[in-house]
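Scroll down for the structure; my scribbles are underneath it.
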């Protein structure tokens, strides 16, 4: 069945360091991969996404890479700041009105 | 202006009761969703509606009945509430299968 694995489940980094979160998807038909940030008491908010015809996408301090052959995609956050602390979710979709979410990564940026 | 709004934000009720959660989006999207987030933060799709038609029903007990009176609204009615229904329920919307925007969530506690 459709499945998205996400690692690590928790990640602590010093302010200014980089953070990397990795996901693996099972359905090779998946073609859209969003990343969401969820702050305490709020709904998930899209921070970046990538489609299967692109290998990498960058938006200021965040970037996402996609390896379709290995069915891996990763989120990279550079120069982390305390306000980056949140739970991050990856997701995969094959255009069937359903997003399969990873299990989440709790990121703590230590000042 | 809130893009996807849910009411109520908090809901505490006794086992066996029936309750509803309302969702409205002002983004002009044609697709709406209900997701359940459990105590471990795992996000799981429950229902998807496209142009008021049910597209996805992800093996949700039939005590849960979604209703979409128009494309901007997707309400969730739950009959005979059980302890295991306690969770945070998120409504979301997208234009077709594109980027999904989430509401702030409804924390349901069944006692």
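Chains as they are written, first to last, in the working numbering: chain X, 803 to 913; chain W, 62 to 172.
Every residue, glycine too, gets a C-beta built ideally from N, C-alpha and C.
Computed from a prediction, not measured in an experiment: that's the story for all the values here.
Query	Result
The beta strand (DSSP E) that contains residue 869 of chain X, what's its start and end?	864-869
For residue 807 of chain X, which three-state DSSP category applies?	strand
Can you tell me which of the three DSSP states residue 91 of chain W falls into?	coil
Bridge partners of residue 137 of chain W, per DSSP?	W:82 and W:127
Kindly indicate which three-state DSSP category residue 841 of chain X falls into: helix, strand or coil?	coil
Using alpha carbons as the reference points, say which of X:825, X:885 and X:838 lies closest to residue 817 of chain X.	X:885
With a cut-off of 8 Å on the beta carbons, I'd call residue 98 of chain W and residue 172 of chain W a contact; round off their distance for me.	Actually they are not in contact, since the Cβ atoms of residue 98 of chain W and residue 172 of chain W sit about 19 Å apart, beyond 8 Å.
Below 8 Å between beta carbons: does that hold for residue 864 of chain X and residue 805 of chain X?	no
In chain order, which beta strand (DSSP E) runs of at least 3 residues are fully inside the region 856-909 of chain X?	858-861, 864-869, 874-879 and 888-894
Is it buried or exposed for residue 71 of chain W, if we count other Cβ within 10 angstroms and need 16 for buried?	exposed
Taking all protein chains shown into account, decide if residue 856 of chain X is buried (16 or more other Cβ within 10 angstroms of its Cβ) or exposed.	exposed
Select from W:141, W:77, W:88 and W:82 the residue whose C-alpha is nearest the C-alpha of residue 63 of chain W.	W:88
So, is the C-beta of residue 109 of chain W closer than 8 Å to a C-beta in chain X?	yes
Pull out every residue of the region 66-78 of chain W whose Cβ sits closer than 7 Å to any Cβ of chain X, in chain order.	none
Residues of chain W with CB closer than 8 Å to the CB of residue 895 of chain X, please, in chain order.	158
I need the boundaries of the beta strand (DSSP E) containing residue 172 of chain W, first residue and last residue.	Where residue 172 of chain W is concerned, there is no enclosing beta strand (DSSP E), given that its DSSP letter is neither H nor E.
Just to confirm the assignment, what range does the beta strand (DSSP E) spanning residue 174 of chain W have?	Not covered by the structure: residue 174 of chain W. The range shown for chain W is 62 to 172.
Below 8 Å on the Cβ atoms is my contact criterion, and I expect residue 125 of chain W with residue 115 of chain W to pass it. Report the Cβ-Cβ distance as a whole number of Å.	Not quite, the Cβ-Cβ distance comes to about 12 Å (not below 8 Å), so this is no contact.
Mind checking if residue 901 of chain X is an interface residue toward chain W, Cβ cutoff 8 Å exclusive?	yes
For the candidate residues X:840, X:881, X:823 and X:906, whose alpha-carbon lies nearest to that of residue 912 of chain X?	X:881
How would you list, in chain order, the residues of chain X whose beta-carbon sits under 7 Å from the beta-carbon of residue 166 of chain W?	845
Note down the Cα distance separating residue 105 of chain W from residue 821 of chain X, rounded to an integer number of angstroms.	25 Å
For residue 905 of chain X, return the contacting residues in chain W, with the cut-off set at a CB-CB distance below 7 Å.	103
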